[in-house]
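Report on the following structure.
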Amino acid sequence: AEGPVPAPLRGLLRGGGRRTAGGGAAGLLDAISGADPEEVERLLLDLVRTEAATVLGHASAAAVDVHKSLLDLGFDSLTSVELRNRLSVATGLRLPATVVFDYPTVTTMAGHLRAELAPDGAATAVGMLEELGRLETGLDRLSLDGVSRARLTAGLERLQAKLAETAPPTLDKIAGTADDGLADLLVGAG
């Protein structure tokens, strides 16, 4: 009986022990300690992508779209638990069985791992984009009444206003500023 082996059974057929990322949790923690936030994000994204590809039986991590829902990539409850187990071994974290459903893409999962492994790390643009992706995925599945929609819209507008406050001046803003106000505008951008 040859042919493709269902993903949940592949782990049973492999010889030897489980492969862990760079020596398991200790290796991963060594790799991320002292690394800049972007490098930590890259390492964790690579980890989740590689483990997801392994669980799904892909020869290469490149076969896993980091922005696509893991469920759409072929994960089910059994493969989700296998991914959770592999990530737990690799990170040393106790992850819930629902982690694939709570963090439905490779990027959101990597962002969650980053938050758990380096909670004191400064937020980065990539991390924020991961969170926005998670929110967007959640909105796709959400049915809102008028009051809830208004509250959610108000919250998003507050975030947008906060982002606009911290944004550096745009060319339009600079072009529309009189010469005497230009120095103040540029000094405030630093």
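Mapping the sequence shown onto UniProt numbering, position 161 (from 1) lands on 161, and the numbers just tick up by one.
Heads up, the beta-carbon is just placed ideally off N, CA and C, and yes, glycines get one too.
Just so it is clear, the structure is predicted and the values come from calculations on it, not from any experiment.
Give, in chain order, every unbroken run of the alpha helix (DSSP H) that is at least 4 residues long and sits entirely within the segment 81-159.
Within the segment 81-159, the complete alpha helix (DSSP H) runs of at least 4 residues are 99-102, 106-117 and 125-140.
Pairs of beta-carbons, one from the segment 68-77 and one from the segment 35-42, closer than 8 Å: are there three or more?
Taking a cut-off of 8 Å on C-beta distances, the segment 68-77 does not touch the segment 35-42, as fewer than three cross pairs fall below it.
Can you tell me whether DSSP reads GLU77 as helix, strand or coil?
Checking the displayed sequence, the identity of residue 77 turns out to be Ser instead of Glu. In the structure shown, SER77 sits in a helix (DSSP, three-state: H, G or I).
Minimum C-alpha distance to LEU78 - residue among LEU44, ALA61 and THR98:
The residue with the shortest Cα to Cα distance from LEU78 is THR98.
Nearest to LEU45 by CA position, among GLY57, LEU28, LEU56 and ALA59, is which residue?
Comparing Cα positions, the closest option is LEU28.
Apart from the five residues just before and just after LEU93, which ones in its own chain have a Cβ nearer than 6 Å to its Cβ?
Closer than 6 Å at Cβ, skipping near neighbours: GLU116.
Return the first residue and the last residue of the alpha helix (DSSP H) that VAL55 is part of.
Where VAL55 is concerned, the enclosing alpha helix (DSSP H) stretches over 37-56.
Report the CB separation of VAL89 from VAL48 in whole angstroms; it is logged as a contact under 8 Å.
At roughly 13 Å, the Cβ-Cβ gap does not stay under 8 Å, so VAL89 and VAL48 are not in contact.
Within the same chain, show all residues whose beta-carbon is closer than 6 Å to that of PHE101, passing over the 5 residues directly before and after it, in chain order.
Nothing listed; no residue qualifies.
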